[in-house]
Amino acid sequence: MEKEREREKGDNETIHVVCNNKLAKCEYSTKRLEAKEEKVEKLFKGLYKQPWIINMQTKELVDKLAAFEAHLDDDSLDKANRNKIMEKYEAVSEEIAIRKEQIKQCLTNLRKLSNIAETELGIT
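Each residue of the sequence shown is one higher than the last, beginning at 1 in full-length UniProt numbering.
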């Protein structure tokens, strides 16, 4: 599928889209289109940062997990303390799994937004 976009500037903007050798014209208010492009840009910036932030938080949780494992290796721990540490260990493990899912969701949202930006606004 071949797409070609050409914009004519003015108060209103006409976008010529050639798709499978057929010409389609769409008129948009220039201000409205610019507002959409700005909104998409802000969403991109937010979505690019989000996985990085979650990943940093996940690294901190992995460090906690390693500390709990070190405590569990200590043979001098009594059963009550071992159980408390094990509960914390499981809670942190669950939190890490949640963070991994959040990162996957962020990346999926980023791909969806990228597709919308490309198809609807012509932003690549």
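Each residue gets a CB set at the ideal place from its N, CA and C atoms; glycine is no exception.
When you compare only the Cα positions, how much space is there between residue i and residue j?
i, j, result
"K64", "E101", "19 angstroms"
"N115", "N109", "10 angstroms"
"R82", "K112", "45 angstroms"
"A66", "D73", "11 angstroms"
"S93", "K79", "21 angstroms"
"E118", "Q105", "20 angstroms"
"D75", "L107", "42 angstroms"
"L77", "M56", "31 angstroms"
In this structure, does DSSP put residue i in helix, strand or coil?
i, result
"S93", "helix"
"D73", "coil"
"D78", "coil"
Is the beta carbon of residue j closer than 9 angstroms to that of residue i?
i, j, result
"P51", "I103", "yes"
"E95", "L61", "yes"
"F68", "K88", "yes"
Would you please state the rounded distance, in angstroms, between the beta carbons of residue i and residue j? I believe it to be under 8 angstroms.
i, j, result
"I85", "H71", "5 angstroms"
Compute the minimum distance between the beta carbon of residue i and the heavy atoms of the ligand GDP, and state whether it is under 8 angstroms.
i, result
"C106", "Questions concerning the ligand GDP fall outside what the structure shown contains, since it holds no ligand whatsoever."
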